[in-house]
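Asks:
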Amino acid sequence: MPFSAEDLVANPKFILAIRFHAGRMRGMFDAGPRLARLLASQQRWLLTQTAYALAMERDPGDPASGFTAARLTGEITSRKVASRNTVLSFIEELFTYRFIAYEPGAERRRPRHFEPAEISHQAILGWLVSNLGALDLVDGGNRAAHVGAHPELVRILQPRIARNCLQDPLWREPAEQVALFLWTDAGGLIVDHLVSRMDLLGNDPERVVVGHLDSRALAADFMISRTHLQRLFAKAAQQGSIGWDTTERKPLLWMSRSFVEQYSQWQAIKFAYVDEAFHWGTR
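Structural data, given as structure tokens:
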């Protein structure tokens, strides 16, 4: 039986799963920064996952199905995730960097249908396997190995996950402390980096230590300005989400327990949809 979001939040192993997945996403960025930036913020995550789901739902016998500019625009703008111009710019970016291509023979047809390039298929498969591996850490399951052995399952599972996440306002619109990061450029990457470095052995009831952080190097790594990163951290500090322990020779960054809990509750929504899709698609 799949986990519910409430089950996951209540499980003491879930925080380990979240840290594992964050580390995998950080590694994905290191392996392919431009591709990983498609999941770098909540808006881009929703755009990317919805576009891929539409492509996977393509029925050659139904000209209205599949990934077209009009269909992606309709899905996204109806939920106020992004404007029409933002959607069209996003598609142009995907096409320019060859993450998508026209369907064979679709160059001169209207509407033009797009399909993911092989590199995009591999990226989404890697994202899915990472999520499943995190769930396996919670209960000792073999979800990741199963999908790794049957990669074609991504075409069945991903659209169900993406649509459930897009339709759920609790996932689509994170709570305030989390939203501060996720609705900013590269904010998702920054949170993944912080979460992947959490010291879970500490016993401070109010804080979770992340460690020393070189903001200049991190900004350069994520291809954002240092000013943007510093402003983001300053706003998060004002909310009480993060702060610095200056008693050490080098200041140590920490995250508040309340921020980590809020982030965990939000992540649990998606992980529950991932688990539900896995059980549904492999029964």
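My numbering numbers the first residue of the sequence shown as 805 and each following residue consecutively.
All C-beta atoms in this analysis are idealised placements derived from N, C-alpha and C, irrespective of residue type, glycine included.
These figures come from a predicted structure and were not determined experimentally.
#1: Work out the CA separation of Gly827 and Asp866 for me, nearest whole Å.
#2: Give the list of continuous beta strand (DSSP E) stretches no shorter than 3 residues that lie fully inside the segment 1009-1085.
#3: Quick check on the DSSP output: the beta strand (DSSP E) that includes Pro920 runs from which residue to which?
#4: Go through its chain and collect everything with a Cβ distance to Asp972's Cβ below 8 Å, but skip five positions before and after it.
#5: Judging by CA-CA distance, which residue of Ala840, Arg967 and Val1012 is the nearest neighbour of Ala883?
#6: Evaluate contact between the segment 1030-1041 and the segment 849-856, counting only Cβ atoms and requiring at least three cross-stretch pairs below 8 Å.
#7: Could you compute how far the alpha carbon of Ser1019 sits from the alpha carbon of Pro1009?
#8: How would you label Arg804, buried or exposed, when you count the other beta carbons within 10 angstroms and need 16 or more for buried?
#9: When you compare each of Leu932, Phe871 and Ser893 to His917 by their alpha carbons, which one comes out closest?
#10: Leaving out five residues on either side along the sequence, give the residues of the same chain with a beta carbon under 8 Å from the beta carbon of Ile822.
#11: Give me the Cα-Cα distance between Pro908 and Pro915, rounded to the nearest whole angstrom.
#12: Could you check if His997 is buried or exposed, using at least 16 other CB atoms within 10 Å of its CB as the buried criterion?
#13: Can you look up Phe871 in the DSSP assignment and give me helix, strand or coil?
#14: Does any residue of chain B bring its CB to less than 8 Å from the CB of Arg875?
#15: Thinking C-alpha only, which one of Ala844, Thr854 and Ile880 is nearest Arg830?
#16: In this structure, does DSSP put Ala990 in helix, strand or coil?
#17: Tell me the rounded alpha-carbon separation between Gly930 and Gln962.
#18: List the residues that DSSP assigns as beta-bridge partners of Tyr906.
#19: Can you list, in chain order, the residues of its chain whose CB lies under 8 Å from that of Tyr906, leaving out five sequence neighbours each side?
#20: Nearest-angstrom Cα distance between Phe985 and Phe1026?
#21: Measure how close the beta-carbons of Thr877 and Val891 come, nearest whole angstrom, since I'm counting them as under 8 Å.
#22: Could you spell out where the alpha helix (DSSP H) holding Val813 opens and where it closes?
#23: Please state the DSSP three-state secondary structure of Asp866.
#24: Identify the continuous alpha helix (DSSP H) that holds Gly952 and give its terminal residues.
#25: In angstroms, rounded to a whole number, what distance separates the CA positions of Ile1046 and Ser869?
#26: According to DSSP, is Ala966 part of a helix, a strand, or is it coil?
#27: Could you tell me the distance, in whole angstroms, from the CA atom of Glu810 to the CA atom of Pro955?
#28: Might you give, ordered along the chain, the residues of its own chain that have their beta carbon closer than 6 Å to the beta carbon of Ala859, omitting 5 neighbours on each side?
Replies: Working from what's here:
#1: Taking the first residue of the sequence shown as position 1, residue 866 is located at position 62. Taking the first residue of the sequence shown as position 1, residue 827 is located at position 23. Taking the straight line from one Cα to the other gives about 40 Å.
#2: Runs of the beta strand (DSSP E) inside the segment 1009-1085: 1011-1015, 1046-1049 and 1056-1060.
#3: Residue mapping note: residue 920 aligns to position 116 of the sequence shown, counting from 1. Residues Phe918 to Pro920.
#4: In the sequence shown, the residue the question calls residue 972 occupies position 168. Excluding residues within five positions, the ones whose Cβ falls inside 8 Å are Ile1073 and Tyr1077.
#5: For the purposes of this step, residue 883 is taken as residue 79 along the sequence shown, with counting starting at 1. Going by the sequence as given, residue 883 is Arg instead of Ala. Nearest of Ala840, Arg967 and Val1012 to Arg883, Cα basis: Arg967.
#6: Not touching, per the Cβ criterion.
#7: Along the sequence shown, one-based indexing puts residue 1019 at 215. Along the sequence shown, one-based indexing puts residue 1009 at 205. Roughly 26 Å separates the two Cα atoms.
#8: Within the shown structure, residues of the chain are numbered from 805 to 1087, placing residue 804 beyond reach of any answer.
#9: Here residue 917 refers to the residue found at position 113 of the sequence shown. Among Leu932, Phe871 and Ser893, the Cα nearest to that of His917 is on Phe871.
#10: The sequence position of residue 822 within the sequence shown is 18, counting from 1. Cβ neighbours of Ile822 beyond the five flanking positions: Ala938, Val999, Tyr1067, Ser1068 and Gln1071.
#11: Here the question's residue 908 lines up with position 104 in the sequence shown. Here the question's residue 915 lines up with position 111 in the sequence shown. Straight-line Cα distance between these residues: approximately 13 Å.
#12: Stepping through the sequence shown from its first residue, residue 997 is reached at position 193. Buried.
#13: Walking along the sequence shown from the start, residue 871 turns up at place 67. Strand at Phe871.
#14: The structure shown contains no chain B, having only a single protein chain.
#15: For the purposes of this step, residue 830 is identified with residue 26 of the sequence shown, where counting begins at 1. Nearest option by C-alpha distance: Ala844.
#16: What you label residue 990 is simply residue 186 of the sequence shown in a count that begins at 1. Of the three classes helix, strand and coil, the one that applies to Ala990 here is coil, per DSSP.
#17: Working through the sequence shown from its first residue, we reach residue 930 at position 126. Working through the sequence shown from its first residue, we reach residue 962 at position 158. The straight-line gap from Cα to Cα measures roughly 12 Å.
#18: One-based indexing of the sequence shown puts residue 906 at position 102. Answer is Phe918.
#19: Within the sequence shown, residue 906 is the residue found at index 102, counting from 1. So the list reads Arg916, His917, Phe918 and Glu919, once near-sequence residues are dropped.
#20: The residue given as residue 985 occupies position 181 in the sequence shown. The residue given as residue 1026 occupies position 222 in the sequence shown. For Phe985 and Phe1026, the distance between alpha carbons rounds to 14 Å.
#21: For this step, residue 877 is matched to residue 73 along the sequence shown. For this step, residue 891 is matched to residue 87 along the sequence shown. With 8 Å as the limit, Thr877 and Val891 qualify as a contact, their Cβ atoms being about 5 Å apart.
#22: Numbered from 1 along the sequence shown, position 9 holds the residue referred to as residue 813. Looking at the DSSP string, the run of the alpha helix (DSSP H) that includes Val813 is Ala809 to Ala814.
#23: For the purposes of this step, residue 866 is taken as the residue at position 62 of the sequence shown. Residue state, collapsed to three classes: coil.
#24: Position 148 of the sequence shown holds residue 952. Counting along the chain, the alpha helix (DSSP H) containing Gly952 begins and ends at Arg947 to Ala953.
#25: Numbered from its first residue, the sequence shown carries residue 1046 at position 242. Numbered from its first residue, the sequence shown carries residue 869 at position 65. If you take the alpha carbons of Ile1046 and Ser869, they lie about 45 Å apart.
#26: Against the sequence shown, residue 966 aligns to sequence position 162. Collapsing the DSSP output to three states places Ala966 in a helix.
#27: Here residue 810 corresponds to residue number 6 of the sequence shown, with the count starting at 1. Here residue 955 corresponds to residue number 151 of the sequence shown, with the count starting at 1. Using only the alpha carbons, I get a separation of about 29 Å.
#28: In the sequence shown, counting from the first residue as 1, residue 859 sits at position 55. Cβ neighbours of Ala859 beyond the five flanking positions: Phe871, Glu919 and Pro920.
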